[in-house]
Each structure stands twice: as C-alpha cells, then as structure tokens.
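Okay, structure first, notes after.
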Amino acid sequence: MNQERAIWVVGDYRNYFQNRVTLQLLAKAGELAAKMDGTVCAVVMGHGVEEWVGEYQAHGAQRIYVMDHPLLSEYLPGLFARALESLARQRRPEIILIGATSFGKELAARAASRLGTGLTADCVDLYLDQEGRFVQVAPAYGGNLLAEIVFPRHRPQMATVRPGAFAEMPHDASARAEIIRLDPPAGLSGDGVRLVSCRRLGYQGEDLENAKVVICGGRGLGSRKKFKNLHELARLLGGEVGATRPVVHADWAEEERLVGQAGKHIKPRLLFSLGVSGAIQHTAGIADPEFTIAVNKNPLAVMMQKADVAIKADAHQVALALIRELKARGSS
Ligand SMILES: Cc1cc2nc3c(=O)[nH]c(=O)nc-3n(C[C@H](O)[C@H](O)[C@H](O)COP(=O)(O)OP(=O)(O)OC[C@H]3O[C@@H](n4cnc5c(N)ncnc54)[C@H](O)[C@@H]3O)c2cc1C
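Quick note on numbering: the sequence shown equals residues 6 to 337 in the numbering used here.
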C-alpha cells in the first residue's frame, strides 16, 4: 500500500490553450500538496510528448509519469482512460485533477467509472477544510448554488476543473522533476474504436517563405474569428499571413503558416506582428525584416522591443483600424 499522498494532474496538451488549464491545476495542486504533505505529479500520455514533460516540470510538477508510445499517438478516450486506470491502480494517487475541457470531461468520467470512484465535474474551487478533507466546489442546480463535495471513502478523489479557476505559476526553467517512464498496460485497446484517419486541411496560399509582406498573428489576437481578419489585412497589403504555434495548435491557422523554429522561415521586407510575444522559437524563423511593426498590450514584450514601430494597443482593434483605413484609401 502506497503511503504517499500524491495529487495527480493529467496533462491536456493537445493545444496551448487547453494546456493552460493543466498549468493552472499544477499550481493549485502545489498549494494543496504543501498543506497535506503530498507530492504534485503530472501524467503525460501520448507519443512524442517531451515538450510537455519539460513544460510541466517548469510549472511545479515534482514527479512526472510519462507513458509515451505509438499506441497513444492519437487521442481515443477509451484507450487513454484504460491507460490512466492502470496507472492509478498501480500507483494509488490520493487525488486526480483534470481540466474540464472536452478532453478532460470525456477522459475523467471514463477513468472514474473504471476505477469505481466518484467524479466532481466542472469544479470552480478546491480546498482542504479544517479536518484536512479535500473539498471540491462545483456549481449545482443550473449554477444557482455552489455545492461543496467531499469523498469520505472512495479513492482516488477525482475532479475536473474549469479553465481559468486558478492562476498558473511562472515558468521556472531551473525546476527539476523526477521523471518516471512507463509502458502502456499489456493488451491496451480502445474499446473497439479505431481511428482510421486524421487530416488537417492544407494551406493553399502563396508561399509564405517568399512573401515581401507578412502579417503574423499570435495568441494576443484572442480568437479564431479575430485572427481571420488578418487575411483581409494581408490581401489589402499584398502579403501573407503567418502564425505562432499557439495559434496553429488552436486551429486558428493552418500548420503551414507556422513561423519559427518548427515552421517556416520568413524574410519579409515588412513584418506586422500582432499579439505576438516574440519567443525565441518564433523569432528564430524571421530573418531580419527591413521594417517591423509590432502591436502588443505589453510594451515589454520581446517583439515590441525588437520592432521599428511598437504600438501599445489591442491587436484586433489595430487590425480592424488598418483594414478600414486601407479600404478608405482604395486598396481594396
Ligand atoms: C521545441 C519548441 C519549438 C517551438 N517552435 C515554435 C515555432 O516554430 N513557432 C512559434 O511561434 N512558437 C514555437 N514554440 C512556442 C514558443 O515557445 C511560444 O510559446 C510561442 O511562440 C508563443 O506564441 P504567442 O506569442 O502567440 O503567444 P504568447 O507567448 O502567449 O504571447 C501572446 C502575446 O500577446 C499579447 N497580448 C495579449 N492580449 C493582447 C491584446 N488584446 N492585444 C495585443 N497583444 C495582446 C501578450 O502581451 C503576449 O505578448 C516552440 C516551443 C517549443 C518548446
């Protein structure tokens, strides 16, 4: 019997936006673990997942269970639930937390049922009461009241938590976690469900790498709908649209538009960088533009420091104003 009181956070890393909730949960798990003398563990299941191991290590995980296998390269709820069940049966965590994303809701319910334990869905807060019980706070009766739920007997105690309920910790590149690599359980299969194919629609536009004008959008644009305006701006300026990795992961833009270390290398004469922080992996793909205009709410963002003209403003509003102005001047 494992005496350790471990709090597990299951990584939802399918894109950067969903991943935020995992980082938020790691921060909360750290707070709870400090009070109950527990250990914060992240669980990473998939294939080619090293990036996320590093990310969770830098955000408070003290131990990371990594199940990296080709069988897990595509997410299938049945498969992942069985893998999580087997891991939990072996290691016996006290608490399992998962973000209340579509991935987390699906996975947590299946895993809880397989483990014969309960699940509090959609929590908005978590705390330890005076008796040290783990209290899960979740809206009930259509959000008209908040229920405080405790599990007196069943373990692990499982909860999904709404994104945004907690703040993540700052990235600490010097943090080190114990990394435990595991194979998937023998005979793992996905409840008879098989993924036949998975395909993203390709980008058909002009070659981004040779474009003289590039409008590059980042997470600061806020939504896919707002990002779409960049295409209109690019059309008016005779340029191409580039994107950062979070934007591509969120499916606001096609993978072929990714600019940076893992994507296209661009060499525009004019670069418009909207809502982009300027991470080294991104700027590594930009060769010395003649002129750079950056728009960011944060004047200290690297991209703002690098720009010839730095505009401290909302990126979407600036994009709309430019489109209006260019149209008024007859560029359309
Ligand atoms: C191995 C590896 C390879 C990678 N390769 C790449 C790569 O090839 N390309 C790439 O892009 N990334 C890559 N990354 C990811 C990279 O580290 C950054 O996470 C990413 O570039 C950040 O994208 P972003 O600037 O859109 O988002 P963020 O870093 O979140 O920045 C968003 C910016 O928007 C600003 N903002 C917020 N709201 C507004 C608003 N309303 N108006 C204006 N500004 C606003 C914020 O101040 C912030 O500066 C890689 C990472 C790893 C680990």
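Just so you know, even glycine gets a beta-carbon here, dropped at the ideal spot from N, CA and C.
Closer than 7 angstroms to some heavy atom of ligand 1: that does not describe the Cβ of Val246.
Boundaries of the beta strand (DSSP E) around Ser278: Leu275 to Leu279. Its chain contains Thr165 as the residues whose beta carbon lies nearer than 6 angstroms to that of Ala126, once the 5 sequence neighbours on both sides are disregarded; these appear in chain order.
Shortest Cα-Cα distance from Asp17 to any of Gln29, Glu9 and Ile100 involves Gln29. Distance from the CA atom of Asp212 to the CA atom of Val155, rounded to whole angstroms, is 56 angstroms.
Inclusion of Val49 and Leu31 in the CB contact set at 8 angstroms is not warranted, their separation being larger than that value. Bounds of the alpha helix (DSSP H) holding Leu327 are Ala320 to Ala333. Its chain contains Ser91 as the residues whose beta carbon lies nearer than 6 angstroms to that of Pro190, once the 5 sequence neighbours on both sides are disregarded; these appear in chain order.
Excluding five sequence positions before and after Ser118, none of the CB atoms of its chain fall closer than 6 angstroms to its own CB. Using a Cβ distance threshold of 8 angstroms, Leu235 and Ile220 count as a contacting pair. Residue nearest to Pro82 within the set Met72, Ile101 and Ala114 is Ala114 (criterion: CA-CA distance).
For the set Gly123, Arg158 and Leu325, the Cα lying nearest the Cα of Leu102 is the one of Gly123. The three-state reading of DSSP puts Asn301 in strand, counting E and B together. Between the segment 173 to 183 and the segment 231 to 245 there are fewer than three C-beta pairs closer than 8 angstroms, too few to call the two in contact.
In terms of Cα proximity to Lys269, the closest of Glu260, Leu276 and Leu275 is Glu260.
For the options Met41, Ala66 and Pro161, the alpha carbon positioned closest to that of Gln95 is the one of Pro161. In the structure shown, the three-state DSSP call for Pro144 is strand.
Thr44 sits in a strand when the DSSP states are folded into three classes. Note on geometry: alpha-carbon atoms of Lys110 and Leu305 lie some 37 angstroms from one another. Cβ-Cβ distances below 6 angstroms link Thr249 to Gly223, Val281 and His287 in the same chain, with the five nearest sequence neighbours on each side left out; the list follows chain order. Less than 8 angstroms separates the beta-carbon of Pro168 from that of Arg25. No heavy atom of ligand 1 is found nearer than 7 angstroms to the CB of Lys230. Residue pairing by DSSP places Trp13 opposite Cys46 and Ile101 in a beta bridge.
DSSP links Phe139 through a beta bridge to Leu133.
In this structure, the beta-carbon distance from Ala116 to Leu89 falls below 8 angstroms. In the three-state DSSP reduction, Tyr70 falls in the strand class (E or B). Around the Cβ of Asn301, a 10 Å sphere holds 16 or more other Cβ atoms; the residue is buried. Counting of Cβ neighbours within 10 angstroms places Ser228 among the exposed residues, the total staying below 16. Excluding five sequence positions before and after Ala170, the CB atoms of its chain that fall closer than 6 angstroms to its own CB belong to Val129, given in chain order.
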